[in-house]
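Residue numbers (the working numbering): 448 to 699. Heads up, the beta-carbon is just placed ideally off N, CA and C, and yes, glycines get one too. This one's a predicted model, so the numbers in the text were calculated from it and none came from an experiment. Only one structure is covered here, and it is reproduced in the block below.
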């Protein structure tokens, strides 16, 4: 069950993992900048993009699939970056296979239990009449009844593709909703002693001061960088600064 992935660049390997409802293409900006110095491998996660779909999963399942890709590509050690859900997958992999991860970068997520953030998103996605709509514009109009943010709707609509019957979502929407408790769940106990960088958007509430103990006990060599004026997608909102921070950490 091999993950679909993008690969570009040369240098030390850097695996880059996208977040919930995304695909590798969501990291396209940082990939383009970082491929000048690194061998970038950016997979679609299970139940996302063009990767296999499974009915049941948890973070161990996700992490095992990424590790299997690294094995497939002959990567004994690699740098690892993950955003949001991808950050949780990266943490799980580092905690369970610490000898494989050279350096770890976690973008705007913590190893904690989260409340359900995406009820309106699931409701909106499920109510788009995929076999009746004629265009992405129509899909956007349906989504707008549940999701006010035009940028979030545009992000979600990247999953929409044409079929003979009309349109469909690339992600496994039913499984993601059914197993959402797994996506919101905390990381395994354990300890990763390698260099670790957490990057937080200043306007995002995904990394709170009260999560510090949960972070430090798992990642004692952690550094925190805050990118001012950004929310949950700092890599998209201030890409040049984000890339500079990542490069400095990986080359330090």
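Quick one: grab the DSSP three-state call for residue 519. Here residue 519 carries a helix assignment [DSSP, helix/strand/coil].
Considering only residues of the same chain and omitting the five flanking positions on each side of residue 498, which have a CB-CB separation below 7 Å? 450, 451, 490, 491 and 492
Going by the beta-carbon positions, is the gap between residue 600 and residue 615 smaller than 8 Å? no
Do residue 647 and residue 671 have their beta-carbon atoms positioned less than 8 Å apart in this structure? Going by C-beta atoms, residue 671 is nearer than 8 Å to residue 647.
Contact set for residue 675: own chain, Cβ-Cβ below 6 Å, skip 5 residues either direction: Cβ within range, chain order: 649.
Ranges of the alpha helix (DSSP H) found wholly within the stretch 600 to 668, counting only runs of at least 4: 620 to 625, 627 to 631 and 659 to 665, all fully within the stretch 600 to 668.
Given 8 Å as the limit, is there contact between the stretch 509 to 522 and the stretch 476 to 484, that is, 3 or more CB pairs closer than that? no
Using a Cβ-Cβ cut-off of 6 Å (strictly less than) and excluding sequence neighbours within five positions of residue 606, which residues of its own chain qualify? Around residue 606: 616, 617 and 618.
Would you mind giving the Cβ-Cβ distance between residue 696 and residue 550, rounded to the nearest angstrom? I have them listed as a contact below 8 Å. 7 Å
Under the three-state DSSP convention, the category residue 484 falls into: coil
Nearest-angstrom Cα separation, counted from residue 620 out to residue 574: 12 Å
Apart from the five residues just before and just after residue 532, which ones in its own chain have a Cβ nearer than 7 Å to its Cβ? Once the five neighbours on either side are set aside, the close Cβ partners of residue 532 are 466, 467 and 630.
Same chain, Cβ closer than 8 Å to residue 576, five either side skipped, listed in chain order: Answer for residue 576: 589, listed in chain order.
In chain order, what residues of the same chain lie with their CB nearer than 6 Å to the CB of residue 564, ignoring the 5 residues before and after it? none
Secondary structure, alpha helix (DSSP H): runs of 4+ residues fully inside the stretch 520 to 581: Runs of the alpha helix (DSSP H) spanning 4 or more residues and lying entirely within the stretch 520 to 581 occur at 532 to 543 and 566 to 573, in chain order.
Looking at residue 536: is its Cβ nearer than 8 Å to the Cβ of residue 561? no
Classify residue 597 as buried or exposed, calling it buried when 16 or more other Cβ atoms lie within 10 Å of its own Cβ. Counting of Cβ neighbours within 10 angstroms places residue 597 among the exposed residues, the total staying below 16.
Label residue 640 either buried or exposed according to how many other C-beta atoms from any shown protein chain fall within 10 Å of its C-beta, with 16 as the threshold for buried. exposed
Does at least one heavy atom of the ligand FMN sit under 7 Å from the Cβ of residue 473? Although the ligand FMN was asked about, the structure shown includes no ligands whatsoever.
When you compare each of 496, 663, 474 and 461 to residue 485 by their alpha carbons, which one comes out closest? 461
Helix, strand or coil at residue 512 [DSSP, three-state]: helix
Could you pull the DSSP bridge partners for residue 461 from this structure? Under DSSP, the beta-bridge partners assigned to residue 461 are 487 and 526.
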